[in-house]
Ligand SMILES: *C/C=C(C)/C=C/C=C(C)/C=C/C1=C(C)CCCC1(C)C
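Residue numbers (the working numbering): 373 to 619.
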C-alpha cells in the first residue's frame, strides 16, 4: 500500500517542509471532524457558523492532501492548489464575520466589500507568485495585495465590522476582537512568506538572502493551521459561551 499518489511510502525525514504539509493535513481533518460533531451541541443561532468553520478546515484538508503529494514528489511550491484553497476559504472567513455581526445589523454590502478585497488580495498575490516569483518586480504584486489586506484589517479592527460588533457588545464584541487579532497577526505571516519566498518580495530590494521556496511554504503551512483552526475555535467558544449566557 502506498501512502502517496506517486506510489512511495513517505518522505525524507530531513524534509521538514513535507512534514508540515503532512501535519497540516491531519490537523485540518481533525478540526473538521471536531467542528462538525460539536455543531450539534451549540444553540441553533450558531449552527451555520460552526458549519462554515468545518467547511473551511475541510476544504483545506482536501487541498493539503494533494499539496502534500505534490511537494513530496519534488515539484516545488504547489502554487495553484494553494491559491484555489485560499480563494475558497478566505471568502468563507469573511462570511464568519458577517454571521457573527448579522444580528447587530451586519449587511450583505459589508460582506461583499470583504469578499471583494480578499479576492483582490489573492488574485494579485497569485500573479506575483505564479509568474514573477523569480523576478525583482514580484514586490509590485505583493504591494497591491498588501493594500487589499490592510483594507480588510481596517474593516474588522476599526471599520464597519468592528463598529457593529462593538455595538452588539458581550461575547460578539469579544469574538470579533479575537478574530481581528487573527487577521492582523496570523494573516500577517503570509506576506512574510511572500517576502522571503520571491525574488523581489521586499520592494525589490536585495535582502542578501536568496528567495526560498521552502521558507515560503513553511510560513504558509504554519499560518494556515493557526488561522483556519484558530478562527473555528473562536467561533466555537462564542457559540458555547452564548449558550451558557442564555441558560
Ligand atoms: C486560510 C487562508 C488564509 C487565511 C490566507 C490568507 C492569505 C493572505 C492574508 C495573503 C496575503 C498576501 C499579502 C498580504 C501580500 C503578498 C501576497 C499574499 C497573497 C501572500
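Backbone N, C-alpha and C fix where the C-beta goes; we use that ideal spot for every residue, glycine too.
{"Check": "Would a C-beta distance cut-off of 8 Å place residue 600 and residue 459 closer than the cut-off?", "Outcome": "no"}
{"Check": "Out of 405, 433, 415 and 505, which has the shortest C-alpha to C-alpha gap to residue 395?", "Outcome": "433"}
{"Check": "Could you name the residues of the same chain whose beta carbon sits closer than 7 Å to that of residue 572, not counting the 5 residues immediately before and after it, in chain order?", "Outcome": "507, 508, 509, 510 and 511"}
{"Check": "When you measure from the CB of residue 425 to every non-hydrogen atom of ligand 1, does any distance come out below 7 Å?", "Outcome": "no"}
{"Check": "Quick one: what does DSSP say residue 523 is sitting in, helix, strand or coil?", "Outcome": "helix"}
{"Check": "In three-state terms, what does DSSP make of residue 373?", "Outcome": "No answer about residue 373 holds up, because its pLDDT of 46 lies below 50 and its placement is not dependable."}
{"Check": "At the level of alpha carbons, what is the spacing between residue 543 and residue 456?", "Outcome": "33 Å"}
{"Check": "Do three or more CB pairs link the stretch 417–431 to the stretch 588–603 at distances below 8 Å?", "Outcome": "yes"}
{"Check": "Taking the straight line between their C-alpha atoms, what separation do you get for residue 373 and residue 398?", "Outcome": "Residue placement at residue 373 is flagged as unreliable, the pLDDT there being 46, under the threshold of 50; a coordinate-derived value is accordingly withheld."}
{"Check": "At the level of alpha carbons, what is the spacing between residue 621 and residue 606?", "Outcome": "Outside the displayed range of the chain (373 to 619) lies residue 621, so it cannot be described from this structure."}
{"Check": "So the candidates are 470, 384, 389 and 467; which of them puts its Cα closest to the Cα of residue 584?", "Outcome": "389"}
{"Check": "For residue 589, tell me which candidate among 502, 529 and 451 has the shortest Cα-Cα distance.", "Outcome": "451"}
{"Check": "Report yes if the C-beta distance between residue 547 and residue 538 is below 8 Å; otherwise report no.", "Outcome": "no"}
{"Check": "Any heavy atom of ligand 1 within a distance shorter than 7 Å of the CB on residue 500?", "Outcome": "yes"}
{"Check": "Report the rounded CA-to-CA distance for residue 591 versus residue 567, giving the unit in angstroms.", "Outcome": "11 Å"}
{"Check": "I'd like to check one pair, residue 587 with residue 569: are the Cβ atoms closer than 8 Å?", "Outcome": "yes"}
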